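> Just add 64 to the spot in the sequence shown (first one is 1) and you have the working numbering. The beta-carbon is built from N, C-alpha and C at its ideal position, and this holds for glycine as well. Note that the coordinates shown come from a computational prediction; the quantities given were computed from them, not determined experimentally. Below you'll find the structure I mean.
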Amino acid sequence: MDPIGTYDYTTEAYSLDFMGRLPLPTLGNYLLQAATQHAEERAAGYTEMERRGTAWVLSRLAIEVIDADGLAAPIRISTWAEAMERIFIKRCFEVTSAETDKPLAYARSIWAAIDKNTRRPTSLAGAWPDRMMVPGRHCPVEIAGRIAAAEDAPDGAPDTRTVRYSDLDINGHLNSIKHIEAMLDGFDLETYRKASVQHFEISYHAEGRYGTQLARFRRTLSPGTFACALVDGDRAISRAEIRF
């Protein structure tokens, strides 16, 4: 089987945002769906991980948008693994027009395999390298070493949100995409009228649990570039850098 998986997605008009653009969380959902299907088809997905008592956990995700308007039309997502370390696998995505093959976006991600009982990372040594691996394939988006802590020097007081039923994933924790939605909801509509997100990078640090009240902080790093954080008590459960 080809180590690269390719999947087509069409977004209906009612799922576009008020500017007629594909919402970044929806693109994130498509990326995670493609990753899930790619792994499942190569016996490295949910079924096999469940049999082993393990699960994939998204640790980092960086998305670089080249053509925001083009993402509203039918798209094609190609995904592959570029490297495997002891407890992490690095996965890339290329998003193109399904009609013209024009590149529209790229993404790079890091996933960890964890033991479902202990919630601790588990080794990936010797696991599935040939089924998903394409080292060196073009993917022009980098993952930063560290994202600035918005909560250390915020622009203002944080607002809050409580984790509810519709926020939870299959493991009973705050869904990865809900983190992204929460970060993007910190900007007003005028921001989105004037510009679209060109770069979004998020790092996940801890699980968000049902009933938890999270504080959302924002910090301006430079014109058009911001750091955001979701904080539970005294620790960030996720941090993001957003560039418009």
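Which residue's Cα is closest to the Cα of Gln277: Asp223, Arg210, Thr289?
As a first step, residue 277 must be located in the sequence shown, where it is residue number 213. For the residues Asp223, Arg210, Thr289, the minimum Cα distance to Gln277 belongs to Asp223.
> Is the Cβ of Ala98 closer than 8 Å to any Cβ of chain C?
Here there is only one protein chain, and chain C is not present.
> Counting only the same chain and skipping the five closest in sequence on each side, list residues whose C-beta sits under 6 Å from that of Pro87.
Start at 1 with the first residue of the sequence shown, and residue 87 comes out as number 23. Here the set comprises Asp81.
> How far does the alpha helix (DSSP H) with Ile234 in it reach, from first residue to last?
Numbered from 1 along the sequence shown, position 170 holds the residue referred to as residue 234. Segment: none, Ile234 is in no alpha helix (DSSP H) and carries neither H nor E.
> Would you report the Cα separation of Ile244 and Arg201, rounded to the nearest angstrom?
Counted from its first residue, the sequence shown places residue 244 at position 180. Counted from its first residue, the sequence shown places residue 201 at position 137. The straight-line gap from Cα to Cα measures roughly 27 Å.
> Distance check for Ala291 and Ala212, CA to CA, integer angstroms please.
Residue 212 sits at position 148 when you count from the first residue of the sequence shown. Residue 291 sits at position 227 when you count from the first residue of the sequence shown. Roughly 6 Å separates the two Cα atoms.
> So, for Trp175: in the same chain, excluding its five sequence neighbours on each side, which residues have a beta-carbon less than 7 Å away from its beta-carbon?
Stepping through the sequence shown from its first residue, residue 175 is reached at position 111. Only Trp120, Val121, Leu122, Ser123, Phe152, Ile153, Arg155 meet the Cβ criterion.
> What does DSSP give as the partner residues of Val295 in its beta bridges?
Taking the sequence shown and counting its residues from 1, the one referred to as residue 295 is at position 231. The partner list for Val295 (beta bridge, DSSP) reads Ala279, Ala300.
> For Tyr274, count neighbouring Cβ atoms within 10 angstroms of its own Cβ and tell me buried if that reaches 16, exposed if not.
In the sequence shown, the residue the question calls residue 274 occupies position 210. Answer is exposed; the Cβ neighbour count stays below 16.
> Just verifying my parser: in three-state terms, what is the DSSP assignment at Gly134?
The count along the sequence shown starts at 1 and reaches residue 134 at position 70. Gly134 falls in the helix class under three-state DSSP.
> Please give me, in chain order, every unbroken run of the beta strand (DSSP E) with length at least 3 that falls completely inside the segment 202-275.
You should have 223-226, 263-268.
> Tell me, which residues are paired with Arg140 by DSSP?
Numbered from 1 along the sequence shown, position 76 holds the residue referred to as residue 140. For Arg140, which the question treats as bridged, DSSP gives the partners Asp72, Thr160.
> Taking Cβ to Cβ, would you say Ile130 is nearer than 8 Å to Leu168?
Here residue 130 refers to the residue found at position 66 of the sequence shown. Here residue 168 refers to the residue found at position 104 of the sequence shown. Against a cut-off of 8 Å, the Cβ pair of Leu168 and Ile130 comes out as a contact.
> Could you check the C-alpha separation between Arg210 and Phe157 for me, to the nearest Å?
Your numbering for residue 210 matches position 146 in the sequence shown. Your numbering for residue 157 matches position 93 in the sequence shown. C-alpha separation (whole angstroms): 21 Å.
> Looking only at C-alpha atoms, which of Ala270, Val261, Arg280, Val295 sits nearest to Thr289?
Along the sequence shown, one-based indexing puts residue 289 at 225. Minimum Cα distance to Thr289 is reached at Val261.
> Just to confirm, is the Cβ distance from Ala304 to Met247 under 8 Å?
Numbered from 1 along the sequence shown, position 240 holds the residue referred to as residue 304. Numbered from 1 along the sequence shown, position 183 holds the residue referred to as residue 247. Yes, they are a contact pair.
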